[in-house]
Structures are given as C-alpha cells and as structure tokens.
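Peer 1:
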Amino acid sequence: MPGLTKTDRITILKTLLKIRRFEEKTIQLYQTGKIWGYLHPYLGEEAVASGACQAIKKDDYIVSTHRGHGHCIAKGGDLNKMMAELLGKSTGYCKGRGGSMHIADTHLKILGANGIVGGGIPISVGAGFSCKLEGRGRVVLCFFGDGAANNGVFHESLNMASVFKLPVIYICENNLYAISMCSKDSVACEDVADRSDSYSMPGIIVDGTDPEQIFKAVSDAARGARKGRGPSLIEAKTYRFTGHHPNDPAEYRKKEEADYYKSEKDPVTNYTQKLIKEKVVTKKQVQDIDREITDSVEESVKFAEQSPEPDLEQFLEEVKHI
Amino acid sequence: MAEIEYREALRQAIIEEMDRDPKVFLIGEDIGVYGGAFRVYKGLLDKYGPDRVINTPISEAAILGAGVGAALTGYRPISEIMFIDFATLAMDQIVNQAAKIRYMTGDSLNVPLVIRTQGGAGRGVAAQHSQSLEAWFYHVPGLKVVMPSTAYDAKGLLKTAIRDDNPTMFIEQKMIYLNQGEVPAEEYLIPFGSADIKREGTDITIFAYSAMVFEALKAAEELEKEGISCEVFDPRTLVPLDEQALIESVKKTNRLVIVSEACQRGSVASDICARVVDSAFDWLDAPIKVVAGLNTPIPYNSTLEQASIPHQADIVEAVRKLI
Ligand SMILES: Cc1ncc(C[n+]2csc(CCOP(=O)(O)OP(=O)(O)O)c2C)c(N)n1
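Chains as they are written, first to last, in the numbering used here: chain C, 611 to 932; chain W, 13 to 335.
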C-alpha cells in the first residue's frame with residue numbers, strides 16, 4: 611500500500627486492538643452498572659477511525675459523534691481519562707460531567723463527541739474556516755453516521771464547506787442502521803456518497819472494515835484539502851456488531867446479517883491475519899501487543915475506580931456563575 | 013380500576029384515538045418495529061401498518077414540518093421528537109409555523125398537531141439528553157403545553173390533545189414511564205386547563221407538575237408527621253393554566269411553594285409566582301418560595317445530576333421555612 615510504512619501498519623493494528631479491547635471492557639462495565647447513561651459501542655467499526663486518523667496529522671482536527679470512543683482513541687486519547695469519564699470521576703476528560711457522549715481534548719484537537727446526531731457537522735465548517743484562515747494547511751476530519759446524513763445540518767454544512775472550499779473531510783460511517791432504521795430505508799439515493807454531486811465535491815465509497823482503504827481515501831482527501839481544493843465526502847461501509855446500545859437486542863435486523871459481518875468482515879481479525887500473512891508481524895508479536903493493550907485497559911479501569919468523585923461543593927459553587 | 017404503566021396509558025390513548033378516527037397517524041424516529049425509544053408504540057406498526065405508523069429518517073425539522081403540513085390538510089398527526097433536546101432542530105416548524113398559522117390566517121387554517129416528546133433528568137444521559145425546556149414552549153403564544161404526572165392524566169390528556177384543533181406540546185418525563193397508576197376501563201377525557209389536587213391540605217399549597225408531583229407528595233407525607241398539612245396542586249396543563257383553581261387553593265392555605273425540575277431563570281415557576289403575587293397577594297401569609305433545578309447543564313455524574321434537580325428534602329425544607 612503506497613504511503614503506508616510498516617510502522618504505520620503496526621500502529622493501525624494497535625489502534626484497532628485498543629478500540630476493540632476498550633469497547634469490550636466498557637460493555638462489561640455497563641452491564642455491571644459501573645458505567646451508566648448511554649453507551650454506544652464501536653465494535654465492528656474500528657477500522658474507520660483507525661485508518662482515518664492515521665492518515666491525518668496530530669495538528670489536524672477531528673469532530674466526533676455519540677459513538678465516539680474509537681475516534682478519540684485513534685486520535686491519541688488517554689485511556690485513563692476516557693475510562694474515568696465513563697465512570698463519572700473527577701479525573702475524567704470532562705470532570706465526570708459529560709460521560710460517554712461528550713469527550714473532548716483540545717491538546718489532541720478532538721473537538722468533541724456529540725449527543726445530538728449531526729450536531730458536529732456544522733462545527734466542522736467553523737473549524738474548516740479556522741484552518742483556511744490561518745493558512746497552515748491543517749484539515750478537519752468530521753465523523754458522522756448514515757443517520758446523521760439525513761438531517762438538514764448535513765446538507766447545509768456540506769454546501770457551505772464546498773462554496774468556501776474549506777479543508778474538511780466528511781467521513782460517513784455507514785453501519786447500515788440508525789438505531790432501528792436501516793439506511794436502505796432512510797437514504798433516498800443508493801449511497802450517501804452520491805450526495806457529494808449536489809455539493810460539487812468528490813464522493814468516495816470504501817470498505818469500512820478495511821483500514822488501509824480508509825487510510826488511502828482520507829490521505830487523498832487530505833492532500834487535496836491542504837492544497838485548497840476543498841472538502842470531500844467519504845462513505846465507509848461498515849457494520850456495528852452490537853445493538854445501538856448494550857441493552858438493545860437489535861431485533862430489527864436479521865441474525866444472519868450480523869453473523870456474516872462478525873465472521874467475514876471483522877476488521878480486527880481480518881487485519882491481524884493480513885499483517886501476519888504479509889509478514890509485517892508475527893503471531894507472537896500480535897499476542898504481545900494484545901496483552902499490553904489489555905493490560906492498559908485494565909489499568910484504566912483501576913485508575914478510574916481509584917479516582918475521586920467530583921467535588922459536589924465545587925460544582926455547586928461553579929454553578930452559581932453560569 | 014386496573015393499574016397500568018404510564019407508558020401503557022399513553023399507548024392506550026393512541027390506540028383508542030387511532031381506532032376512533034382514521035385521520036390520526038404517527039410520525040417519528042424508531043417508532044416502527046422498535047416501538048419508540050421508550051416503547052410507547054409497541055405493537056402499533058403491526059396493528060396499523062406503515063402508512064399510519066411512519067418511521068422516518070433522522071430529520072426533526074421534517075418530522076415536525078410534515079406534522080404541520082398534514083394537520084393543515086385534514087389529518088391529525090402525532091409528531092414525535094424523541095428527546096425534547098432535539099426539538100432545537102425543529103424549532104422553526106414549532107415556533108414560527110405550528111404556533112402561528114391559525115392566528116396569522118385569521119382562524120382560516122387550523123393545526124391539529126400533537127408534538128409528543130420527553131424531557132428531564134435522572135438517567136445519567138447528560139446535558140444534551142436531560143433538559144427541561146418547557147419554558148420555551150410556554151413562552152410562545154399559540155402552543156398548548158401539557159405535562160401529565162400520572163398514568164390517568166397521561167391517558168385522558170393525550171386523548172384531548174389529539175382531538176384539539178391546535179398544536180399541543182405533550183411533554184413527558186423519562187423517569188416516570190414505568191410508574192403504575194389506576195386507569196378506568198371506560199373512556200374518559202380530561203379537559204385542558206383543569207388542575208387536579210393530588211392531595212388535599214390546609215396549611216400550604218405545593219404547586220408541582222410532571223415528575224415533581226411525586227417528590228411533592230413524598231414531601232407532603234413527611235410534613236404530615238410534623239403536623240403540617242400540604243395541598244399538592246398539579247396543574248396538568250401549563251398552557252392553558254387553571255389559574256382560578258390555584259388562586260382558590262392559595263386563598264385556602266395562604267402559603268405557596270412552586271416546584272419545578274427546570275432551572276428557575278426565565279422559568280414557568282417564576283411566571284406562576286408573578287401571577288399569584290399579582291392576583292392573590294392579600295391572601296399570602298408568607299413569601300412564595302420557588303424550588304427549582306439549578307442553572308446548570310445537567311451533569312453525567314449521578315451525585316452532581318441529583319444535586320441539580322429538586323427532591324423531596326428540598327421541598328420539605330422550603331415548606332418549613334414558610335411555616
Ligand atoms: C438530533 C437527534 N435526533 C435523534 C437522536 C437519537 N439518536 C441517537 S443515536 C441515533 C442514531 C444515529 O444513527 P447514525 O447517525 O447512523 O449513527 P450510528 O448510531 O449508527 O453510529 C439516534 C436517532 C439524537 N441523539 N439526536
């Protein structure tokens with residue numbers, strides 16, 4: 611794969627595994643009541659964030675969604691701070707006030723997850739203006755779902771980004787469903803990427819379970835955006851392995867469909883096998899990497915559990931001023 | 013009388029009205045096979061089919077606009093906004109269209125639309141899924157605002173809302189869907205603007221609506237042990253408001269506490285306070301107290317979340333201060 615070094619590929623593998631193990635853990639913690647509220651697992655979709663974030667620079671921005679843990683991890687998010695946030699602790703990314711849907715990190719240029727479907731899409735326009743105005747060739751990577759692409763803000767934002775030639779890469783994670791609504795029944799055109807025509811920008815479809823395809827598409831889009839060629843729309847065809855949230859039995863979709871994706875299109879399994887086959891890593895190395903990652907996830911749980919609860923007095927004092 | 017869940021009461025109201033009037037239909041996100049985020053529509057897709065249970069893309073403005081358009085052309089839609097927080101995306105259709113059309117057109121057009129939605133804190137779903145935004149709609153002339161607390165009220169009021177020729181914001185609270193309440197087998201409707209005294213008392217009136225009615229009732233029970241008799245006044249509909257019944261209650265008890273989960277700044281609670289001062293000042297033996305949510309986006313952490321909204325203890329304390 612042109613543009614992908616061996617190190618890049620190993621980094622992508624590590625990111626995939628990190629997201630997988632983190633998400634498996636959060637589901638466990640949700641089921642035991644340690645995490646509450648809403649939790650939207652990214653299992654099955656790991657390749658999108660892993661490939662996409664590898665294709666942009668540290669200084670570039672990302673805009674995330676309610677299903678945002680993977681984006682945050684791929685952009686370099688701190689597992690301890692993430693886990694602490696999910697447990698509502700004071701050491702978490704949002705001091706325990708935001709939970710799963712609101713993680714942000716200025717240093718890492720993560721402009722925030724969002725509880726509002728599509729809420730981040732217009733924000734990407736503003737970040738795009740900033741990048742264009744400062745003229746340092748930075749770009750914005752804006753993640754959203756197939757469901758979000760049906761809200762008005764998607765259309766307004768892509769139109770404006772195109773009119774002003776903003777350096778934004780729109781990446782639609784089409785996991786086929788928006789809660790129970792299948793994208794086949796909710797998107798009037800064949801593919802979300804078709805909509806790029808209306809906004810005069812490239813529209814690219816990639817296999818969203820293959821991180822290298824995503825890497826390539828985002829790299830190309832970023833190159834164009836940095837040169838002032840404006841936004842692109844990439845549609846990554848992917849699948850969420852779980853229901854919309856851990857308590858959703860996903861009765862609205864066929865079991866065979868889910869089984870197919872889990873057995874044939876698992877991005878973590880497939881990429882691991884690919885790198886082993888191409889002798890980029892050995893089986894033993896993968897096991898070591900996996901163990902290390904599993905340990906760091908366990909570590910994050912310990913960190914979160916041992917962290918203090920947010921200080922109520924301080925909160926009440928702060929609230930007086932807003 | 014049978015005890016049923018609040019959400020089942022809503023479901024019954026919808027079924028009875030859909031059976032009675034073929035012009036009634038439902039439109040919203042995940043209301044089909046999924047049965048709605050809070051399962052109020054369970055089984056309705058099978059019963060009425062996809063033409064009357066319209067499962068839509070995530071397009072709040074269009075869901076509301078479709079409601080307005082269908083209402084203008086002879087149907088009686090129930091448009092659902094899954095969380096009141098997402099009404100922000102549909103605000104033009106609610107505020108500038110639904111609420112205005114009848115008045116702007118000199119009564120020549122009606123908008124018989126029900127906007128069903130849900131709000132409030134308590135589930136750890138943080139700042140963008142926990143707001144109490146009723147004051148926004150209360151503020152806009154042309155909208156009715158209904159916030160039922162019990163299963164009985166929910167059913168009777170939803171039926172009235174569906175039959176009403178004007179747009180109604182029907183706001184539920186996410187923590188009370190599973191509450192059980194008595195609902196009679198025979199049909200009944202509850203007129204808008206008729207308050208319900210949920211508990212009779214003589215020493216003080218506690219005005220509370222939606223989920224806060226239950227906190228007020230618990231507070232009243234506790235205060236009774238101290239010999240304080242509280243009247244719990246549930247307006248059931250905020251617009252129209254049964255102001256006369258409230259004034260009568262205040263004239264009887266001479267004291268008033270107003271409870272609301274929403275934060276106080278620019279709130280319904282503040283407005284009620286002003287209205288009572290204006291029309292019943294001479295009967296008041298003490299200042300009016302407002303017990304409201306804090307002026308804060310609702311936090312995720314449970315301790316902070318609970319500290320952001322009123323509880324039984326806050327109401328008890330407020331009552332004690334006045335007596
Ligand atoms: C504006 C808005 N409408 C509805 C919801 C409720 N909701 C939360 S997630 C979701 C589905 C989103 O689907 P999609 O954008 O495809 O993302 P996915 O969950 O599949 O990752 C819905 C309808 C919301 N949070 N915000």
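We treat Cβ as the ideally placed atom computed from N, Cα and C, and that holds for glycine.
Find out if the Cβ-Cβ distance for the pair Pro856 (chain C), Leu649 (chain C) is shorter than 8 Å.
Peer 2: yes
Peer 1: Show which residues of chain C have a CB atom less than 7 Å away from the CB atom of Thr308 (chain W).
Peer 2: Val929, Ile932
Peer 1: To the nearest angstrom, how far is it from the Cα of Trp8 (chain W) to the Cα of Leu885 (chain C)?
Peer 2: Coverage of chain W is limited to positions 13 through 335, which leaves residue 8 (chain W) absent and any answer about it impossible.
Peer 1: Just to make sure I have the definition right: I need the residues of chain C whose C-beta is within less than 8 Å of the C-beta of Ala319 (chain W). Which are they?
Peer 2: Going along chain C in sequence order, the residues near Ala319 (chain W) (Cβ under 8 Å) are Leu922, Phe925, Leu926.
Peer 1: Just checking Gly725 (chain C) against ligand 1 - is the residue's beta carbon closer than 7 Å to any of the ligand's heavy atoms?
Peer 2: Yes, since a heavy atom of ligand 1 falls inside the 7 Å radius drawn around the Cβ of Gly725 (chain C).
Peer 1: Buried or exposed: Ile174 (chain W), going by 16 or more other Cβ atoms within 10 Å of its Cβ?
Peer 2: buried
Peer 1: Of all Cβ atoms in chain C, is any one closer than 8 Å to the Cβ of His141 (chain W)?
Peer 2: yes
Peer 1: Given that a residue counts as buried once 16 or more other Cβ atoms are within 10 Å of its Cβ, and exposed if not, what is Ile321 (chain W)?
Peer 2: buried
Peer 1: Using only alpha-carbon positions, find the residue among W:Ser272, W:Ser91, W:Pro69 that is nearest to Ala220 (chain W).
Peer 2: W:Ser272
Peer 1: Listed from N- to C-terminal order along the chain, which residues in the stretch 733 to 760 of chain C have their beta-carbon within a distance smaller than 7 Å of any beta-carbon of chain W?
Peer 2: Gly757, Ala758, Asn760
Peer 1: Could you check whether Ile672 (chain C) and Lys705 (chain C) sit closer than 8 Å to each other, using their CB atoms as the reference points?
Peer 2: no
Peer 1: Please determine whether the Cβ atom of Lys758 (chain C) lies at a distance below 7 Å from any heavy atom of ligand 1.
Peer 2: In the sequence as displayed, the identity of residue 758 (chain C) is Ala instead of Lys. Answer for Ala758 (chain C): yes, Cβ within range of ligand 1.
Peer 1: What residues in the stretch 713 to 730 of chain C bring their beta carbon closer than 9 Å to a beta carbon of chain W?
Peer 2: Asn724, Gly725, Ile726, Val727, Gly728, Gly729
Peer 1: For a contact defined as C-beta to C-beta under 8 Å, what are the partners of Ile70 (chain W) on chain C?
Peer 2: Going along chain C in sequence order, the residues near Ile70 (chain W) (Cβ under 8 Å) are Val727, Gly728, Gly757, Ala758, Asn760, Asn761, Ala788, Met791, Ser796.
Peer 1: Name the chain W residues whose beta carbon is nearer than 7 Å to that of Arg707 (chain C)?
Peer 2: Pro311, Tyr312, Asn313, Leu316
Peer 1: Any heavy atom of ligand 1 within a distance shorter than 7 Å of the CB on Glu634 (chain C)?
Peer 2: no
Peer 1: Output the distance between the C-alpha atoms of Tyr312 (chain W) and Glu198 (chain W), rounded to the nearest integer angstrom.
Peer 2: So the alpha carbons of these two residues sit roughly 42 Å apart.
Peer 1: So is the beta-carbon of Ala788 (chain C) under 7 Å away from any non-hydrogen atom of ligand 1?
Peer 2: yes
Peer 1: Using a Cβ cut-off of 8 Å (strictly closer), state whether Leu101 (chain W) contacts chain C.
Peer 2: yes
Peer 1: State yes or no: is the C-beta of Thr716 (chain C) nearer than 7 Å to some heavy atom of ligand 1?
Peer 2: no
Peer 1: Exposed or buried, which one is Val749 (chain C) when buried takes at least 16 other CB atoms within 10 Å?
Peer 2: buried
Peer 1: What residues in the stretch 195 to 223 of chain W bring their beta carbon closer than 8 Å to a beta carbon of chain C?
Peer 2: none
Peer 1: Is it buried or exposed for Cys663 (chain C), if we count other Cβ within 10 angstroms and need 16 for buried?
Peer 2: Of the residues assessed, Cys663 (chain C) falls on the buried side of the cut-off, its CB having 16 or more other CB atoms within 10 angstroms.
Peer 1: Given that a residue counts as buried once 16 or more other Cβ atoms are within 10 Å of its Cβ, and exposed if not, what is Tyr6 (chain W)?
Peer 2: Here chain W has residues from 13 to 335 only, and residue 6 (chain W) is not among them.
Peer 1: For the beta strand (DSSP E) containing Gln338 (chain W), list its first residue and its last residue.
Peer 2: Nothing can be reported for residue 338 (chain W): it is not among the residues displayed for chain W, which extend from 13 to 335.
Peer 1: Under 7 Å between beta-carbons, which chain C residues line up against Asn67 (chain W)? List them in chain order, please.
Peer 2: Met791
Peer 1: Does the Cβ of Ile70 (chain W) lie closer than 7 Å to at least one heavy atom of ligand 1?
Peer 2: yes
Peer 1: Looking at the C-beta of Tyr648 (chain C), does it have a partner C-beta in chain W at a distance below 8 Å?
Peer 2: yes
Peer 1: Per DSSP, what are the beta-bridge partners of Glu217 (chain W) in this structure?
Peer 2: Going by the sequence as given, residue 217 (chain W) is Thr instead of Glu. Paired residues: W:Glu243, W:Leu268.
Peer 1: Within the chosen definition, does the stretch 800 to 817 of chain C reach the stretch 866 to 874 of chain C through at least 3 CB pairs nearer than 8 Å?
Peer 2: The stretch 800 to 817 of chain C vs the stretch 866 to 874 of chain C: no contact.
Peer 1: Quick check on Ala138 (chain W) - is its C-beta less than 8 Å from some C-beta in chain C?
Peer 2: Under the Cβ criterion of 8 Å, Ala138 (chain W) is counted among the residues facing chain C.
Peer 1: Using a Cβ-Cβ cut-off of 6 Å (strictly less than) and excluding sequence neighbours within five positions of Asp669 (chain C), which residues of its own chain qualify?
Peer 2: Cβ neighbours of Asp669 (chain C) beyond the five flanking positions: Arg748.
Peer 1: Which residues bound the beta strand (DSSP E) around Leu843 (chain C)?
Peer 2: Judged by DSSP secondary structure, Leu843 (chain C) falls within the beta strand (DSSP E) whose first and last residues are 842 to 847.
Peer 1: Assuming Ser700 (chain C) and Pro918 (chain C) are in contact, meaning their beta carbons sit under 8 Å apart, how far apart are those beta carbons, in whole angstroms?
Peer 2: 5 Å
Peer 1: What residue range is occupied by the uninterrupted alpha helix (DSSP H) comprising Arg748 (chain C)?
Peer 2: Taken as a continuous stretch (DSSP letters only), Arg748 (chain C) belongs to no alpha helix (DSSP H), as it is neither H nor E.
Peer 1: Taking only beta-carbon positions, decide if Glu234 (chain W) is within less than 8 Å of chain C.
Peer 2: no
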